[in-house]
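Reviewing the structure listed below.
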Amino acid sequence: MPLLQIAEPGQSAAPHQHRLAAGIDLGTTNSLVATVRSGVAETLPDAQGRHLLPSVVRFSAAAAPVVGYPAQAAALDDPLNTIASAKRLIGRGLAEVKQLGGRLPYVFVNPDAAVPRIRTAGGDLTPVEVSAEILKTLAQRAQDTLGGPLAGVVITVPAYFDDAQRQATKDAATLAGLNVFRLLSEPTAAAVAYSLDHADAGTAEGIHAIYDLGGGTFDISILRLTRGVYEVLAAGGDSALGGDDFDRILAQWALEQAGVSDGADHRTLRQAMQAACTAKEQLSSAPTADLMLTLPDGRQWSATLDRAAFEGLIDPLIDRSLAACRRALRDARVSVPEVDAVVLVGGSTRVPRVRERVAALFGRPPLANIDPDRVVAIGAAIQADLLAGNRPGDDLLLLDVIPLSLGIETMGGLVERLIPRNSTIPVARAQTFTTFKDGQTAMAIHVLQGERDLVDDCRSLARFELRGIPPLVAGAARIQVSFEIDADGLLRVAASELTSGVTARVEVKPSYGLTDGEIAAMLSDSRQHAGEDQLARRVREERVEAQRVLESLRAALTRDGDALLDTAERTRIEDAMTALAATLNSIDAKRIGDARRALEQACGRYVERRMNQSIQSAMAGQRVDAFE
Amino acid sequence: MNFAMLDFSKNYFELFELPLGFTVDAKRLAERYRTLQAVTHPDRYVVAADHEKRVSLQASTQVNEAYRTLKDPLARARYLLSLHTGDPGTDSETSKDGAFLMEQMELRETLAEAQSSPNPHAAVARVLTHLAEQSAALDKELAGLFADPTPANLTSAREIVRKLQFLDKCRRDAEDLEGLIDGRY
Numbered sequence: 020m021p022l023l024q025i026a027e028p029g030q031s032a033a034p035h036q037h038r039l040a041a042g043i044d045l046g047t048t049n050s051l052v053a054t055v056r057s058g059v060a061e062t063l064p065d066a067q068g069r070h071l072l073p074s075v076v077r078f079s080a081a082a083a084p085v086v087g088y089p090a091q092a093a094a095l096d097d098p099l100n101t102i103a104s105a106k107r108l109i110g111r112g113l114a115e116v117k118q119l120g121g122r123l124p125y126v127f128v129n130p131d132a133a134v135p136r137i138r139t140a141g142g143d144l145t146p147v148e149v150s151a152e153i154l155k156t157l158a159q160r161a162q163d164t165l166g167g168p169l170a171g172v173v174i175t176v177p178a179y180f181d182d183a184q185r186q187a188t189k190d191a192a193t194l195a196g197l198n199v200f201r202l203l204s205e206p207t208a209a210a211v212a213y214s215l216d217h218a219d220a221g222t223a224e225g226i227h228a229i230y231d232l233g234g235g236t237f238d239i240s241i242l243r244l245t246r247g248v249y250e251v252l253a254a255g256g257d258s259a260l261g262g263d264d265f266d267r268i269l270a271q272w273a274l275e276q277a278g279v280s281d282g283a284d285h286r287t288l289r290q291a292m293q294a295a296c297t298a299k300e301q302l303s304s305a306p307t308a309d310l311m312l313t314l315p316d317g318r319q320w321s322a323t324l325d326r327a328a329f330e331g332l333i334d335p336l337i338d339r340s341l342a343a344c345r346r347a348l349r350d351a352r353v354s355v356p357e358v359d360a361v362v363l364v365g366g367s368t369r370v371p372r373v374r375e376r377v378a379a380l381f382g383r384p385p386l387a388n389i390d391p392d393r394v395v396a397i398g399a400a401i402q403a404d405l406l407a408g409n410r411p412g413d414d415l416l417l418l419d420v421i422p423l424s425l426g427i428e429t430m431g432g433l434v435e436r437l438i439p440r441n442s443t444i445p446v447a448r449a450q451t452f453t454t455f456k457d458g459q460t461a462m463a464i465h466v467l468q469g470e471r472d473l474v475d476d477c478r479s480l481a482r483f484e485l486r487g488i489p490p491l492v493a494g495a496a497r498i499q500v501s502f503e504i505d506a507d508g509l510l511r512v513a514a515s516e517l518t519s520g521v522t523a524r525v526e527v528k529p530s531y532g533l534t535d536g537e538i539a540a541m542l543s544d545s546r547q548h549a550g551e552d553q554l555a556r557r558v559r560e561e562r563v564e565a566q567r568v569l570e571s572l573r574a575a576l577t578r579d580g581d582a583l584l585d586t587a588e589r590t591r592i593e594d595a596m597t598a599l600a601a602t603l604n605s606i607d608a609k610r611i612g613d614a615r616r617a618l619e620q621a622c623g624r625y626v627e628r629r630m631n632q633s634i635q636s637a638m639a640g641q642r643v644d645a646f647e
Numbered sequence: 017m018n019f020a021m022l023d024f025s026k027n028y029f030e031l032f033e034l035p036l037g038f039t040v041d042a043k044r045l046a047e048r049y050r051t052l053q054a055v056t057h058p059d060r061y062v063v064a065a066d067h068e069k070r071v072s073l074q075a076s077t078q079v080n081e082a083y084r085t086l087k088d089p090l091a092r093a094r095y096l097l098s099l100h101t102g103d104p105g106t107d108s109e110t111s112k113d114g115a116f117l118m119e120q121m122e123l124r125e126t127l128a129e130a131q132s133s134p135n136p137h138a139a140v141a142r143v144l145t146h147l148a149e150q151s152a153a154l155d156k157e158l159a160g161l162f163a164d165p166t167p168a169n170l171t172s173a174r175e176i177v178r179k180l181q182f183l184d185k186c187r188r189d190a191e192d193l194e195g196l197i198d199g200r201y
């Protein structure tokens, strides 16, 4: 119970307890895992010493999925069963993906469904399942290195990911059997890594701009760091812009030059993409690069591209990123000279033209001294270590924002914004609406995300209905819609009619996400394959959790139970503790869990009073500081 | 707000231990915000029991809402009106000051023409500067009125808040336009 830790700042409730934790950078093209060992955050290599894991999964009928380099190597020969860049698809509908990313070399089943499924030899798979395979591989790598199961992970997402994309990422983690401590914005993770790197030099304080151009996503974040607290002032970006687009535009150029732009098959497309990627990398250091293709009719085609021509092709893409930078600065109310440091993140910032133009916009050379491929995973590992409770006394705190406004549909296809973009999370807001017809007994609630005024120009997140409104004259009913966004940036919407108390509540998932039922089905499938005795494991976990709650509660009661509780409250808590203790030898996980939840319920007021007391003592410290 | 507060008897000024009034020490406000989040933020309760997580989420949300309200002059003024009179209700009312409304119309026209002017960025910037100056002058008046919250002064404050809402809407439109112009080049 961390409330105990607050009573004694800098002291862990159970100092001997070290929880294993890892940070995962789930990237479009490559993924990494990092952990903190002996106080140092490092990315972890595989058995061959390679730190990057290509975000590529190959599925087959007979064997388990293959992840990483071997899958990447098979991409050319087995394009339809080898899924790359699943992150581009996650949390999106197919029409949307096609519009954003051009042609995709996969076969889609029922392309009109909300969640597209890719037909492979290993079954029809959602992007969530593909991502889960990558997460499993990385978690396994961390567990092998650390020598035990992970208590939890921090998974990074692009700052500009919308609710559906975040939810889908969390679903992938659930499917991989991971406990997610937190979804963390990639640029914020990078800022954490940088500030710790520069902490000794004392240069970390101030306003930072993090320019993060990955394989498939672009983020810009403006942050202010003050004594260990990071406030994200504004986040912006484009969740469909990245280095892959450089490859794609270059591949398209090559195919056009070769005269096969219309008739290219999957294999030729893949080949062109790989040739483009190699050429792009060469052009980072060499003045020219050669491209070669074997065309569908067997002909060989080759061409030489110089850097100026390459830069002409990619400049429009870089322009898009710079426009997003200017908007983020405006949103943050920060002018260019006020920015103290510009940090480059993401493999695509290796392209010299990108660095050149970022430097020109901000009027200063950007920092890139931490490997731009690894910096996000390193920051995530530090945060995971902190959230696990392994860094007592560390006052690091991240205050993030939601990148896109949230609202609901009102009359005439317009969007009423409830929470504007760049609001600090967690955040909750409510607004009251009314009926527009006499006797109206139901109201449709359509939840939207985006900056435009028209419903059709925004992302539809969910639709639900509030029923059972008492029939009144138009305008008499009072329907309150409330939005709550948690620290992961995930939205929950509730609606209730205030005069009658009729309530409807939704977790925002349906439009583009998997339902809880689908996830449960996938989980039970994978558990059957895993063969582990899940029941025994759940009982063990529930027992550990129950003991933890009992132990910390005993300590809390000794310290301030007398001061904060009256006799009746204390008796209620002690009875619930006795009841929980009596279940500890049970082999029924549900029984232990129910008793624990009953105890937590009994502690409700006590926990709130302790929180209030913590606030009082923190503010008392502030008052002392103010006099100094 | 209708979400469970930790302590219903406390208003945002009390939560931040700041004197009730329109004038707020920005530095102290920011410091106390960080202190309160350091204690309440969900990141501090990741390995806690579910009920503690819920309390932390509510408290942290409340601190964010309070900070947002106290930081922004318009939100702060509306909040003060609701504390003093029980009603921030200025949404549906418009200012009755004819000269002010005329000036706003002219400003809107300038903004509409900015897009097609030879230097649209500079034209929008001029409007934004003008808006900022007007807002600052009104803020100053509000500080005086809320320092002595008599019913007459609160009525005057409500009229100023209506004007500030106008200016705020115009500022947001100007900023959106700036973004639009930016996207074009």
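Protein sequences, first through last, are from chains B and E. Using my numbering, you'd call the opening residue of the first sequence number 20 and step up by one each time. Using my numbering, you'd call the opening residue of the second sequence number 17 and step up by one each time. Note that CB positions come from ideal geometry on N, CA and C, so glycine has one too. Everything numeric in this text was worked out from a predicted model, so none of it was measured.
Return yes when the Cβ of G398(B) is within less than 7 Å of the Cβ of A598(B), no when it is not.
No; because the gap between Cβ atoms is not below 7 Å, this pair is not in contact.
Of all the CB atoms in chain E, is at least one closer than 7 Å to the CB of T443(B)?
Output row for T443(B): interface = yes.
Measuring alpha carbon to alpha carbon, tell me which residue in D419(B), I606(B), A514(B) is nearest H57(E).
The shortest C-alpha separation from H57(E) is found at D419(B).
Coil, strand or helix - R267(B) by DSSP
Reduced to three states, the DSSP call for R267(B) is helix.
Who are the neighbours of N80(E) on chain B, taking C-beta pairs under 9 Å?
Here the neighbours are L418, S442, T443, I444, P445, V446, A447.
Taking F200(B) as the query, report the chain E residues whose CB atoms sit under 7 Å from its CB, ordered along the chain.
Ordered by position in chain E, the residues that pass the 7 Å Cβ test against F200(B) are V62.
Partners in chain E for R111(B), counting only beta-carbon separations shorter than 9 Å
The premise fails here: R111(B) is roughly 23 Å from chain E at the closest Cβ pair, so nothing lies under 9 Å.
Chain E contact for S354(B) (CB, 7 Å cutoff):
So, not an interface residue.
If you drop the 5 nearest sequence neighbours on each side, which residues of the same chain put their C-beta closer than 6 Å to that of P167(E)?
Excluding residues within five positions, none has a Cβ falling inside 6 Å.
Between the CA atoms of E300(B) and A277(B) - distance to the nearest angstrom
E300(B) has its alpha-carbon roughly 21 Å from the corresponding atom of A277(B).
If you count every other CB in all the chains shown that lies within 10 Å of the CB of M121(E), and 16 or more means buried, which is it?
The residue in question, M121(E), is exposed, as its Cβ has fewer than 16 Cβ neighbours within 10 Å.
The region 174-191 of chain B contacting the region 252-263 of chain B, beta-carbon criterion three pairs below 8 Å
They touch, by the three-pair rule.
Given that A407(B) touches chain E, what residues does it touch there, using C-beta distances under 9 Å?
Result: V62, V63.
Where do the N-terminal and C-terminal ends of the alpha helix (DSSP H) with H227(B) fall, by residue?
Here H227(B) belongs to no alpha helix (DSSP H); instead the beta strand (DSSP E) covers 225-232.
Name, in chain order, the residues that DSSP records as bridge partners for T51(E).
Partner residues in a beta bridge of T51(E), as assigned by DSSP, do not exist.
So, at 7 Å on beta carbons, what are the nonlocal neighbours of K87(E) in its own chain, with the 5 sequence-adjacent residues on each side left out?
Correct list, in chain order: L45.
Quick one: is V492(B) buried, meaning 16 or more other Cβ sit within 10 Å of its Cβ, or exposed?
With fewer than 16 Cβ atoms within 10 Å of its Cβ, V492(B) is classed as exposed.
Closer than 7 Å to chain B by CB, R92(E)
Interface flag for R92(E) against chain B is unset, since no Cβ pair is found closer than 7 Å.
Take V52(B) and list the residues in its own chain whose beta-carbon comes closer than 6 Å to its own, dropping the five residues that flank it on each side.
Around V52(B): A41, I43, L63, L157, R160, A161.
Rounded distance between the beta-carbons of T47(B) and T74(B), thought under 8 Å:
Residue identity check: residue 74(B) is Ser in the sequence provided, not Thr. Yes, they are in contact, since the Cβ atoms of S74(B) and T47(B) sit about 6 Å apart, within 8 Å.
Measure the alpha-carbon distance for A351(B) versus A42(E) and round it to whole angstroms.
Separation of A351(B) and A42(E) (C-alpha to C-alpha, rounded to the nearest whole angstrom) is 16 Å.
Which of the three DSSP states is assigned to P73(B) in this structure?
Three-state DSSP puts P73(B) in a strand.
In chain order, what residues of the same chain have a beta carbon less than 6 Å from the beta carbon of I401(B), not counting five sequence neighbours either side?
Around I401(B), the same chain offers A60, V211 as residues with beta carbons nearer than 6 Å, after the five sequence neighbours per side are excluded.
Mind checking the region 40-62 of chain E against chain B and listing, in chain order, the residues whose C-beta falls within less than 8 Å of any C-beta there?
Taking 8 Å as the Cβ-Cβ cut-off against chain B, the residues of the region 40-62 of chain E that qualify are R44, A46, E47, R48, R50, T51, L52, Q53, A54, V55, T56, H57, P58, D59, R60, Y61, V62.
Can you pull the chain E neighbours of V248(B), defined as C-beta to C-beta under 8 Å?
Under the 8 Å cutoff, chain E gives R50, Q53, A54.
Any idea what DSSP makes of Q301(B), helix, strand or coil?
Q301(B) falls in the helix class under three-state DSSP.
Quick check: the Cα distance between S151(E) and K112(E), rounded to an integer number of angstroms?
Looking at the backbone, the Cα of S151(E) and that of K112(E) are separated by about 17 Å.
Helix, strand or coil for H67(E) per DSSP?
H67(E): helix per DSSP, three-state reduction.
Can you tell me which residues form a DSSP beta bridge with E435(B)?
According to DSSP, E435(B) bridges with I427(B).
List, in chain order, every chain B residue whose beta-carbon is nearer than 9 Å to that of E149(E).
Chain-order list of chain B residues neighbouring E149(E): empty, with the shortest C-beta distance near 16 Å, by a criterion of under 9 Å.
In or out: F455(B) buried (at least 16 other Cβ within 10 Å) or exposed?
So F455(B) ends up on the exposed side.
Does any residue of chain E have a CB that is nearer than 7 Å to the CB of I43(B)?
Against chain E, the CB of I43(B) has no partner CB under 7 Å away; the residue lies outside that interface.
For chain E, find out if any of its Cβ atoms is closer than 7 Å to the Cβ of I427(B); answer yes or no.
No, I427(B) does not count as interfacial toward chain E.
What is the DSSP secondary structure of L203(B), counted as helix, strand or coil?
DSSP places L203(B) within a strand segment (E or B) once states are collapsed to three.
Quick one, which residues of the region 490-507 of chain B are near chain E if we go by CB-CB under 8 Å, in chain order?
Cβ contacts with chain E come from Q499, S501, E503, D505, A506.
Please classify I606(B) as buried or exposed, where buried requires at least 16 other C-beta atoms within 10 Å of its C-beta.
By the 10 Å Cβ count, I606(B) comes out exposed.
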